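Each residue of the sequence shown is one higher than the one before, counting from 1 in full-length UniProt numbering. Note that CB positions come from ideal geometry on N, CA and C, so glycine has one too. On a predicted model such as this, the values are computed, not experimentally measured, just so you know. Structure first, then comments.
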Amino acid sequence: MFQKILIANRGEIALRVLRACKELGIQTVVVHSTADSDAMHVRLADESVCIGPPPSRESYLNIHQIVAACEITGADAVHPGYGFLSENAKFADILAAHNITFIGPSGDHIRIMGDKIEAKRTAKRLGIPVVPGSDGAISDDKEAKRVAAEIGYPVIIKASAGGGGRGMKVAHTEADLEVALQTAKSEAGAAFGDDAVYIEKYLEKPRHIEVQVFGDGAGRGVHFGERDCSLQRRHQKVWEEANSPALNAEERSRIGDICAKAIADLGYSGAGTIEFLYENGEFYFIEMNTRLQVEHPVTEAITGIDLVHEQIRVASGGGLSVRQEDIKFNGHAIECRINAEDPRTFAPSPGTITHFHTPGGLGIRVDSGVYSGYKIPPYYDSLIGKLIVHGRNRVECMMRLRRALDEFVVDGIKTTLPLFRDLVGNPDIANGDYDIHWLEKYLAKGE
Ligand code: ADP
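Below, the structure written as structure tokens:
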């Protein structure tokens, strides 16, 4: 087992990883920018190293500084959290070259899944159902028209190097296609320095359903069921559930088994998430994330398994603590992402939190790095906490969530809490009857 882990992140996830390390008796080092000297993860860690000024590029994304911090403190492993360097293959390779363990998959697996065309090809080869579309990058208008006619309109053009929903364009007819292709290509070129795009069938009313997987790097793979993250705004997840209100047990184990086998065959190591669109009973692979996800706590709530413990075990060579048959799904869990944003306009609302009171009681978990008197710096993303609620079934979970949201107090800044108080009372949400466009339509109505 590792003696000392360096946590290369900030905010609630740095704290989340720190807690797991403490439970396992592992020493912790955190790195931070000058803007985060007062952050909770810095206060609670055994050691901390200031690695640079506020901009992420000069601190949380500064590989040289982070490696130097490992060398100075004698850390033998790095947990990257999510975002920042968590899906940076070069970072994983550099750590390996310094004999420091990256708590995550190999650089090569990160690389494959970071390239969407390569990821889709690999998924298909591994027996994962994919969205019908072009075999690889589209070379010209003629090819685009041929593929689109074959799969049928509407189609979506997506950037191979894509991320964060950028470089995607929908074409409803052949007349739209040329413009969509050009716009997607130039957006992709500008955003990612790579203008390769591909085409797939545009699904009109899908749900976003993702499967949590784990590989031990030695040919064993398991799945921890799925999460439904269909409630999104601008492709950003807002509310996540486990299990999905749309799946039955048979569908769950069918897609779960396909994913677990794929992970085993790939020789994958650590945590991963295989993301699908789901429509009319069919799953369509869209991408795989090679890291821990923001929404992992809903999976932990229904399985009772600490996924960060598992990540650390696997990375240290100790293998998975569970076999597939040990993983049972109990009840229902929902996570609300609480952002420091105006609940209507979603404009960021940094500033000082004058009062912070979190709900408690059975089935309530709050993962947050903030506290009363904490000043939210304006440089990073606006997630200030996650409320995760567990109940024996979805109805109990929703009742508990409503109660917990009422207890939650964050004064001094605007937050998205009022949005969740509205959502929890909405009949469609109560019925689990929503697709990936539901939230945008609801917000557009301005009810
Ligand atoms: P990114 O990596 O940029 O987030 P994804 O491939 O994960 O891109 O897609 C992001 C979102 O775009 C999906 O959650 C979905 O809302 C939409 N999307 C992607 N592909 C399709 C598709 N074939 N049909 C309909 N919507 C899609």
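Based on Cα-Cα distance, which residue from the options lies nearest to residue i?
| i | options | result |
| --- | --- | --- |
| A68 | L95, M1, R227 | L95 |
| A260 | V222, V130, V424 | V222 |
| I338 | G385, L292, R10 | G385 |
| P105 | P80, V409, D257, G127 | P80 |
| G83 | A14, S134, G133, Q65 | A14 |
| D194 | E251, E300, I117 | I117 |
| C397 | G373, N431, S382, I376 | N431 |
| D435 | E240, G317, A404 | E240 |
| L277 | H437, E23, Y60 | H437 |
| C226 | V147, A89, V410, I274 | This sequence places Glu at residue 226; Cys is not what is there. For the residues V147, A89, V410, I274, the minimum Cα distance to E226 belongs to I274. |
| L383 | A8, E12, M1 | E12 |
| T354 | I376, P343, E335 | I376 |
| T416 | D342, D326, A149, H208 | D342 |
| A8 | L443, E87, L24 | E87 |
| L203 | S230, E287, V155 | V155 |
| D411 | T352, A148, L307 | T352 |
| I209 | F192, N330, L247 | L247 |
| R125 | E325, R392, A262 | A262 |
| F2 | N99, Q65, K90 | N99 |
| G52 | I66, Q324, K169, L307 | I66 |
| I128 | N330, E287, D428, D433 | E287 |
| S37 | Y374, V366, L307, K169 | Y374 |
Could you give the C-beta distance for residue i and residue j, rounded to a whole number, given that I count them as a contact under 8 angstroms?
| i | j | result |
| --- | --- | --- |
| P297 | I388 | 4 angstroms |
| D257 | P245 | No, D257 and P245 are not in contact; Cβ-Cβ is about 21 angstroms, not under 8 angstroms. |
| H332 | I302 | 7 angstroms |
| A92 | G107 | 4 angstroms |
| K201 | E295 | Actually they are not in contact, since the Cβ atoms of K201 and E295 sit about 26 angstroms apart, beyond 8 angstroms. |
| Q232 | L439 | 6 angstroms |
| H109 | L266 | 7 angstroms |
| G363 | R400 | 5 angstroms |
| T183 | Y153 | Not really, about 17 angstroms apart at Cβ, beyond 8 angstroms. |
Where do the ends of the beta strand (DSSP E) carrying residue i lie?
| i | result |
| --- | --- |
| Y284 | 282–289 |
| I157 | 155–159 |
| R421 | That residue, R421, is in no beta strand (DSSP E); its alpha helix (DSSP H) goes 417–423. |
| T358 | From DSSP, T358 is part of no beta strand (DSSP E); its letter is neither H nor E. |
| E226 | 221–233 |
| Q27 | 27–33 |
| V366 | 364–368 |
| I338 | 332–339 |
| R207 | 207–216 |
One question on the structure: do residue i and residue j come within less than 8 angstroms of each other, judged by their Cβ atoms?
| i | j | result |
| --- | --- | --- |
| A137 | S160 | yes |
| V213 | G162 | no |
| G369 | A39 | yes |
| L282 | K205 | According to the sequence displayed, residue 282 carries Glu and not Leu. Not in contact: E282 and K205 (Cβ atoms no closer than 8 angstroms). |
| S139 | G217 | no |
| A45 | T28 | yes |
| R234 | G167 | no |
| S253 | Y198 | no |
| T122 | I112 | yes |
| L320 | R394 | no |
| T299 | A249 | no |
| R207 | S186 | no |
| F408 | P359 | yes |
| R421 | L405 | yes |
| I255 | V211 | yes |
| A264 | G317 | no |
| A171 | A148 | yes |
| Y372 | I413 | Note that residue 372 is Ser in the sequence shown here, rather than Tyr. No. |
| H309 | L24 | yes |
| A224 | I327 | Sequence check: residue 224 is Phe here, not Ala. Yes, they are a contact pair. |
May I ask which residues mark the beginning and end of the alpha helix (DSSP H) holding residue i?
| i | result |
| --- | --- |
| G256 | 249–266 |
| T122 | 116–125 |
| R402 | 394–407 |
| S186 | 174–192 |
| R313 | 307–315 |
| H98 | Premise fails: H98 is in no alpha helix (DSSP H) and is neither H nor E. |
| A242 | Not the alpha helix (DSSP H): A242 falls in the beta strand (DSSP E), residues 236–242. |
What does a CB cutoff of less than 8 angstroms around residue i pick up in its chain, not counting 5 residues either side in sequence?
| i | result |
| --- | --- |
| D141 | L177, E178, L181 |
| Y379 | S33, A35, P54, P55, S56 |
| I5 | V17, C21, I26, Q27, T28, V29, A75, D76, A77, V78, H79, I103, I312 |
| G115 | Note that residue 115 is Asp in the sequence shown here, rather than Gly. Excluding positions up to five away in sequence, the list reads S160, A161. |
Does any CB atom of chain C fall closer than 8 angstroms to the CB of residue i?
| i | result |
| --- | --- |
| G83 | Annotation note: the requested chain C is absent from the structure, which comprises a single protein chain. |
For residue i, which residues in the same chain have their Cβ closer than 6 angstroms to its Cβ, ignoring the five residues on either side in sequence?
| i | result |
| --- | --- |
| A196 | A137, S160 |
| V49 | V31, A69 |
| P418 | P343 |
Could you tell me if the beta carbon of residue i falls within a distance shorter than 7 angstroms of some heavy atom in the ligand HEM?
| i | result |
| --- | --- |
| I157 | This structure lacks the ligand HEM; the ligands present are the ligand ADP. |
Who are the near neighbours of residue i in its chain, counting only those whose CB is closer than 7 angstroms to its CB and skipping five residues on each side?
| i | result |
| --- | --- |
| A144 | I138, L177, L181, I199 |
| V424 | M398, L401, R402, L405 |
| A315 | A77, T101, I103, G270 |
| V47 | Note that residue 47 corresponds to Glu in the displayed sequence, not to Val. Closer than 7 angstroms at the Cβ level, and outside the excluded window around E47, lie V29, T73. |
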